[in-house]
């Protein structure tokens, strides 16, 4: 199907408005003259735009294409992932946001230096950069490739246009432009998906008939309480394993934490996290309903009969183009929806990468940078990462069969980073050596299981991968890259030999990857910390610890709960930290107070720390 002038006009309007938002914020307010304004929107955002930006950041184009394909092939079992959203968003709101927000940091990885040391911070930063650089090229290239295969939409015109427009408004307008373009693009995504559902359901007799026929065909799944972690999807893998996946995205990922930190208050940051919950449920429902409508429509109107699609992403696009072919403008609206998901995701990647590079790698080595120089350098970093994204999109086009491994790497890294932050935040005894060794062990485990699963999938018969496989040997298969890895969107084989030994280990459900890898980091980190000498309680800044065990075991007597804190003294609820923490001689937890030359001073982006050991400022805190 060829696009009409109206379709191209709608697509162009999306690009024009996105660019206009960036230009507006580049020329208004303080005109992005400070690092704080450019990277943190002056810490002055209200909860509603932050909420929609949180939603859009990881609602990428691959998810818009992939989740309906998952429902089409496997039924509504995936819908139970929504059960994980409650804890997956409640825990960040009450655990991670208070700690990060009260520390007044800019980069998430500043926390690792405050809790451990500079080495751990650098390890975490490099891991994140590696993860995002590989990801952003794929997320730009893959949807454009699928669109090109179905509609004839020029591949590199789409890639270059998206990449350059996104780089433009991210570099000029900073985080504030990214957040407000996310708001606009979220509305476009909703409109595009709703249009497909409404028109598609109408053409097959209404949503009631869609549900009835899907139920007759066995696509409406019941609750599968099988506890086997090697089953691809059960209630437990989705509802419990999904919690860890959500925590890796909404708890510790720089792109999301940066939005929390841009809120004007801690309360607004928490509200944005609460408000994401119903929005995520709506997005999941829209994607699942699209899959059901597509399934019923395909039974009555064979999709692309002379050119059956080779990948699920193309299947979704064939469905959309067939359903909307008689309605000029609506195909363009869906393409705008698709690329809104792409723009919102890669703009967040550019901004977060510029932030961690500036704060974690540049500032510590160039402490004498002026505010103007730091701001200019931050903009140049955003521009550089934008151009690098285009380069990575080209590399993605050259990878061929290796592309699946590149896609899976994103999911492999999220779990170990979650484990690193949990190790530091929940276990005061963990030391820097344990943190580094734990992170490396978690990454090794992640790559071992992930690549083993990939090799097992590619070794299977073509077109019949193992039911738990994370990827397929077909290039366009990109269901939910950010959901720790990919779903396998072709029908599970009727019979497949039961794996044994390491093959069984490789068949672990991808939904448990984050839980498995983060647990590896925590267990190895604690063991190494105990063997090399746990961190003395007097050396731990209480602001960097969340006493999770005392809270979970609140029924224990006070003296036992204090022992669970490993000697770290925490302020009582609703009391001033200065009174609760500062002991004799004004020493917080036995740490020497920083000298005047080491005092933190607020300048532009938050706090600039002098070179050397972290300087601890005691402030009012309530755990």
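Residue numbers (my numbering): 2 to 624. Heads up, the beta-carbon is just placed ideally off N, CA and C, and yes, glycines get one too.
Taking C-beta atoms as the reference points, residue 100 and residue 372 fail to come closer than 9 Å. Sequence-distant partners of residue 150 (beyond 5 residues in either direction) whose C-beta falls short of 6 Å from its own C-beta, in its chain, are 315. Taking each of 295, 369, 518 and 389 in turn and checking the Cα distance to residue 441, the smallest one comes out for 518. When the five nearest sequence neighbours on each side are left out, the beta carbons in the same chain lying within less than 8 Å of the beta carbon of residue 79 are those of 68, 71, 72, 234, 239, 289 and 488, in order along the chain. The criterion of a C-beta distance shorter than 9 Å is not satisfied by residue 156 and residue 41.
A check of alpha carbon separations from residue 396 across 161, 556 and 138 identifies 138 as the nearest. The Cβ atoms of residue 387 and residue 567 lie no closer than 9 Å to each other. Between residue 116 and residue 425, the C-beta gap is smaller than 9 Å, which places the two residues in contact. Taken atom to atom, the span from the alpha-carbon of residue 231 to that of residue 248 is near 21 Å.
DSSP places residue 85 in the helix class (H, G or I) of the three-state scheme. When DSSP states are grouped into helix, strand and coil, residue 264 belongs to the strand group.
Residue 451 counts as buried, since no fewer than 16 other beta carbons sit within 10 angstroms of its beta carbon.
Taking C-beta atoms as the reference points, residue 243 and residue 89 count as a pair closer than 9 Å. A contact between stretches requires three or more CB pairs, one per stretch, nearer than 8 Å, and the stretch 209-223 fails this requirement with the stretch 378-394. Residue 560: member of the alpha helix (DSSP H) spanning 559-565, first to last residue. Less than 9 Å separates the beta-carbon of residue 122 from that of residue 110.
For residue 329, the closest alpha carbon among the candidates 196, 245 and 415 is that of 196. Between the beta-carbon of residue 360 and that of residue 108 there is about 4 Å, and that keeps the pair under the 8 Å contact cut.
Leaving aside the five residues that flank residue 50 on each side, the residues in its chain whose CB is nearer than 7 Å to its CB run, in chain order, 180, 181 and 184.
Between residue 96 and residue 202, the gap from beta carbon to beta carbon reaches 9 Å or more. The beta-carbon distance between residue 259 and residue 120, rounded to whole angstroms, is 23 Å. This is too long to meet the 8 Å contact definition. Within the same chain, Cβ atoms closer than 6 Å to the Cβ of residue 126 are found at 110, 357 and 361, the five residues on either side in sequence being excluded. C-alpha of residue 200 to C-alpha of residue 429: approximately 56 Å in a straight line.
The beta carbon of residue 211 is closer than 7 Å to those of 202, 205, 293, 294 and 297 in its chain, skipping five residues each way along the sequence. Distances from the CA of residue 506 to each of 454, 556, 132 and 226 were compared; the closest alpha carbon is that of 454. Membership of residue 552 in the alpha helix (DSSP H) is indicated by the continuous run 549-553.
Setting aside the 5 residues that flank it on each side, residue 287 is surrounded in the same chain by 191, 194, 195 and 198, each with a C-beta closer than 8 Å to its C-beta; the list follows chain order. Counting only the Cα atoms, residue 13 lies some 18 Å from residue 25. Remark: fewer than three beta-carbon pairs, one from each stretch, lie closer than 8 Å, so the stretch 541-558 and the stretch 262-276 are not flagged as touching. Residue 334 has its alpha-carbon roughly 17 Å from the corresponding atom of residue 63.
Runs of the alpha helix (DSSP H) spanning 4 or more residues and lying entirely within the stretch 21-90 occur at 36-41, 48-58 and 62-75, in chain order. For residue 543, the three-state secondary structure derived from DSSP is helix. With a contact defined as Cβ atoms closer than 8 Å, residue 337 and residue 525 miss out at about 46 Å. Collapsing the DSSP output to three states places residue 326 in coil. Within the model, the alpha-carbon separation for residue 398 versus residue 142 is close to 7 Å.
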